[in-house]
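Protein chains: 2
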Amino acid sequence: MNFTKIKGDITSAEGFKAGAVKTGIKNNSLDLAIIYCEDSAETAAVYTTNQVQAAPIKICREHLADGSARAVVINSGIANACTGEEGLQNALQMTETAAGSLHLKKEDVLVASTGIIGKQLPMSKIKAGIEEASEKLAKDSGKDAAKAIQTTDTTVKRAAAAMELDGHEVKIGGMAKGSGMIEPNMATMLSFITTDASIKSGLLQEVLKECVDVSFNKITVDGDQSTNDMIAVMASGKSGAPEITAGSAALEKFKSALKYVTEELAKMIVKDGEGATKFIEINVSGASDSKQAQKIARQIAGSPLVKTAVYGESPSWGRIAAAAGSAVDDFDSQDLEIELNGKKVFGPEHEVHEFPGDILSSSTIRIDVDPGCGEASDTVWTCDFSDEYVEINAKYYS
Amino acid sequence: MNFTKIKGDITSAEGFKAGAVKTGIKNNSLDLAIIYCEDSAETAAVYTTNQVQAAPIKICREHLADGSARAVVINSGIANACTGEEGLQNALQMTETAAGSLHLKKEDVLVASTGIIGKQLPMSKIKAGIEEASEKLAKDSGKDAAKAIQTTDTTVKRAAAAMELDGHEVKIGGMAKGSGMIEPNMATMLSFITTDASIKSGLLQEVLKECVDVSFNKITVDGDQSTNDMIAVMASGKSGAPEITAGSAALEKFKSALKYVTEELAKMIVKDGEGATKFIEINVSGASDSKQAQKIARQIAGSPLVKTAVYGESPSWGRIAAAAGSAVDDFDSQDLEIELNGKKVFGPEHEVHEFPGDILSSSTIRIDVDPGCGEASDTVWTCDFSDEYVEINAKYYS
């Protein structure tokens, strides 16, 4: 490993501060955060592919056209999605208010929201909150900021890594919100990452995309995402290390560390699944190509029958076979093999193997599926599905 | 209406009898049924499109190659899926045993199974059951047969219709098993329909396909089905009415009646959804084409967030908008309109309308979505999603 796992979050990297406040949108909880960089930060972001995009997403695309930002303002409780022209103006005002308080241009401020869809933001509360948060910016507010962006989350999601580049310590730290759901494609997910590495936004964008594909995209299905999903990374360049350039060894180091941070945050989201009691890793190998592997893995991950079986610790591998068979139409069920937690339970030739009845009693469940078509593979992470999930989602008006 | 709704089932049409017994596979419940036609019946069937197909499906395809059948034997409790060569031999033996008891050729017997995947059938119990059921064939056993094919069903699903053709009363009666699930594509569904109309299997196949598309396929998603799904219709010709031919008025009458029977049975499956408390009809109109309409309707129907919201009577139309937006990538969210139970709640231009807080308190919920793209429409039926669903599926080892 060419980086070190460290305790930390969005204020760990040099140049970044954060502030978090209670605006009153959420009942006496932190619900608004600002991430602030003392100089212009090279910034990259990936957004939801949902056709219905929240107002903040539209503003971010505009404000990030130049690849740089100084601050991000994020509120939770109301998503500012499906809010029309008024919502767009409100998102813009959030950036203007922050720009005013922080003495920036509005184009240097990004904005994100998460929560109930279709409600307008109470702008007087939001504006007061932004002003208060701007005054409270501090190096030790990373945890509070991570709390302030949560909705149904039950854990604070932070991860960080450090590496040495040319004699300088370079840090990457991030936070995320989101709860793994029965259909991960509907989870609202936000993640913000900061680093004091020096890297241009174009290259940062490439690295971010690559890291997101093997982390957050493993818990989202086929690009189907919520109206508000967004992942952004800001690079202050304050570590003192030389600029990371394409093709360099430094870039590989940086990429490994960023992958670690994004993977940790993505797994935290799954583990904090609404009502989740078990973490499930689904590995498909022996597929004809990566698309087939992905389809099979995601069909299994999305199957409520599989997820409830794991919750009940019923080793119903037949549901896994049925999900695999309905995902694609190009494998021979005679070749299908299924393992649960490393033990072969089914196939090939439809052979049913003996296995312990308590094979699913562990808190981490590994499902291996081999359709016997080739060499391609894919992995998806998800969680089980309990009655508590229903409780949470029947009551949460979003 | 050119037909009459009647009380009835698979023994209502002339020429058909049924028998149902307890083999012991299920705890002291009816679990094996035979449908018997006193002469050769023109027969049509549609099968699951799952890549993993249960043994009985393979046998049916072979035995129905000539378009005629005399009997169907069906067991519940064990699905005989993922059971390899032994399972295939067992399914074949079921047809041979029934053929022996009923003095038929095995090619005239169809077979179906539903229940746990991956377990072999206890053939001595099955054979004894088939022999017993063959001796008990009667006109009044339609209800028992409908009970014998159930698994997690809580209601007996039967529907029938009668029409006059050329002075003769013609009847259609059917039964079904299946419980609407959170992802309807995973529900195992069986349906058997009998009629005393005279119609050749080729034409019957066309009519069946057309009726299934607007009934059972409205509750299954994109052809993703379980390993055992099958719908068959047998025509005895015993009504005395002349043969129904292509392009005739009689065919239209027959089709209307068969549509009614299949639609009733399909709706019964949804209403008996595992843990379901509400029936949901999702209508998409104003789509660019039927494919877009279908995709949007099915994404909404498959969304656990929408289904739990309906269960909790939370009018979270934002979840409906998010599901619609993630289904397709070719509409403008500015044009999106959503109605709940006939009241406009959202759009166009992102307008949020006032509506009563108890708008989802009814037991039947209608969701209308218009993406504002064109004239095409589609309808999907589903049910809500309660904690009881999780209970049932965490414990049922299938």
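So the protein sequences, as listed, match chains A and B.
35 is the number of the first residue of the first sequence in the numbering used here; add one for each residue after it.
35 is the number of the first residue of the second sequence in the numbering used here; add one for each residue after it.
We put the beta carbon where it would ideally sit given N, CA and C, even for glycine.
Determine, using beta carbons only, whether residue i comes closer than 8 Å to chain B.
i, result
"S432 (chain A)", "Because the pLDDT at S432 (chain A) is just 43, under 50, the model does not fix this residue reliably, and the point stays unresolved."
"F380 (chain A)", "yes"
"P338 (chain A)", "yes"
"E108 (chain A)", "The question names Glu, but residue 108 (chain A) in the sequence shown is Ile. No, no contact with chain B."
"L64 (chain A)", "no"
"E385 (chain A)", "yes"
"S411 (chain A)", "no"
"Y345 (chain A)", "yes"
"D363 (chain A)", "yes"
"G42 (chain A)", "no"
"E217 (chain A)", "Residue placement at E217 (chain A) is poorly supported in this model, since its pLDDT is 43, which falls under 50; the coordinates still yield a value, given next. By this cut-off, E217 (chain A) is an interface position."
Just reading off the beta strand (DSSP E) that residue i is part of, what are its end residues?
i, result
"V209 (chain B)", "For the record, residue 209 (chain B) in the displayed sequence is Met; it is not Val. It spans H202 to K211 - the beta strand (DSSP E) in which M209 (chain B) sits, taken as one unbroken run."
"D412 (chain A)", "A410 to C417"
"D247 (chain A)", "Unbroken run through D247 (chain A) is the alpha helix (DSSP H), S235 to D247; no beta strand (DSSP E)."
With DSSP run on the structure shown, which of helix, strand or coil describes residue i?
i, result
"L66 (chain B)", "strand"
"S225 (chain B)", "strand"
"L434 (chain A)", "Only positions 35 to 432 of chain A appear in this structure, which leaves residue 434 (chain A) out of reach."
"K173 (chain A)", "coil"
"S270 (chain B)", "coil"
"I40 (chain B)", "strand"
"K252 (chain A)", "helix"
"M220 (chain A)", "Model confidence at M220 (chain A) stands at a pLDDT of 41, short of 50, so the residue's coordinates are unreliable; what they give is reported in the following sentence. Note: M220 (chain A) maps to helix in three-state DSSP."
"D73 (chain B)", "strand"
"K191 (chain A)", "strand"
"I150 (chain B)", "strand"
"I278 (chain A)", "coil"
Considering just the uninterrupted stretch of the alpha helix (DSSP H) at residue i, what are its terminal residues?
i, result
"E48 (chain A)", "Note, E48 (chain A): premise wrong, no alpha helix (DSSP H); not H, not E."
"E297 (chain A)", "A283 to K305"
"K159 (chain A)", "M157 to E169"
"T131 (chain A)", "G118 to L136"
"V344 (chain B)", "P338 to Y345"
"A358 (chain B)", "W351 to A361"
Does residue i come within less than 8 Å of chain A when only Cβ atoms are used?
i, result
"N114 (chain B)", "no"
"W415 (chain B)", "no"
"A331 (chain B)", "no"
"T148 (chain B)", "no"
"I91 (chain B)", "no"
"F250 (chain B)", "no"
"Y81 (chain B)", "no"
"F313 (chain B)", "no"
"F389 (chain B)", "no"
I want to check one thing, is the minimum distance from the CB of residue i to the heavy atoms of the ligand ZN below 7 Å?
i, result
"S213 (chain B)", "Absent from the structure shown: the ligand ZN. Ligands present: none."
Residues of chain B with a CB under 8 Å from the CB of residue i: which are they?
i, result
"N61 (chain A)", "Within 8 Å Cβ-Cβ: nothing; N61 (chain A) doesn't reach chain B, min ~18 Å."
"A356 (chain A)", "N84, V86, A115, I151, M220, S260 and T261"
"S367 (chain A)", "Q85, V86, Q87 and C116"
"V424 (chain A)", "T342, Y345, F419, S420, D421, Y423 and V424"
Just to make sure I have the definition right: I need the residues of chain A whose C-beta is within less than 7 Å of the C-beta of residue i. Which are they?
i, result
"G359 (chain B)", "N84, Q85, V86 and T261"
"G118 (chain B)", "E383, H384 and E385"
"G352 (chain B)", "A115, C116, I150, I151, G152 and S432"
DSSP has residue i in a bridge; who is on the other side?
i, result
"V145 (chain A)", "A:V107"
"E373 (chain A)", "A:K378 and A:D402"
"F313 (chain A)", "A:T398 and A:C417"
"S86 (chain A)", "Before going further, note that residue 86 (chain A) is Val rather than Ser in the sequence given. For V86 (chain A), which the question treats as bridged, DSSP gives no partner whatsoever."
"A321 (chain A)", "A:A410"
"V80 (chain B)", "B:I265"
"S102 (chain B)", "B:E76"
"I112 (chain A)", "A:I150"
Please confirm whether residue i has its beta-carbon closer than 8 Å to some beta-carbon of chain D.
i, result
"S420 (chain A)", "Included in the structure are the protein chains A and B, with no chain D among them."
Interface residues of chain A around residue i at Cβ under 8 Å?
i, result
"V190 (chain B)", "Chain A residues near V190 (chain B): none, gap ~24 Å exceeds 8 Å."
Using a C-beta to C-beta distance shorter than 9 Å, which residues of chain B count as neighbours of residue i?
i, result
"G134 (chain A)", "Those do not exist, as G134 (chain A) stays about 27 Å from chain B at its closest Cβ, beyond 9 Å."
"G121 (chain A)", "H384"
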